[in-house]
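In my numbering, the protein residues as written are 1 to 70.
Listed below in structure tokens is the structure:
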């Protein structure tokens, strides 16, 4: 969860700054954007990460097996 907080904070800060600039209303727009992005990203991470972990484990097992048999 900490990684999601940090990542969404950095990405939303950067994109709001690039697209809108750092004007007096920046902080409130950034915080609103950060909350919305966090609420969207965390459920997606929780749903997608098990599949990604299975694929990564499969790929790592294949490489380890291939390396040991050389």
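For glycine and all other residues, C-beta sits at the position ideal for the given N, C-alpha and C.
Nothing here was measured: the structure is a model prediction, and the numbers come from that model.
- Counting along the chain, the unbroken alpha helix (DSSP H) around residue 17 starts and ends at 2-20.
- Counting C-beta pairs with one atom in each stretch, the stretch 31-41 and the stretch 2-12 have three or more that are closer than 8 Å, which means they touch.
- Straight across, the Cα-Cα distance linking residue 48 with residue 12 is about 21 Å.
- Under the 10 Å beta carbon count, residue 16 is surrounded by 16 or more other beta carbons and is classified as buried.
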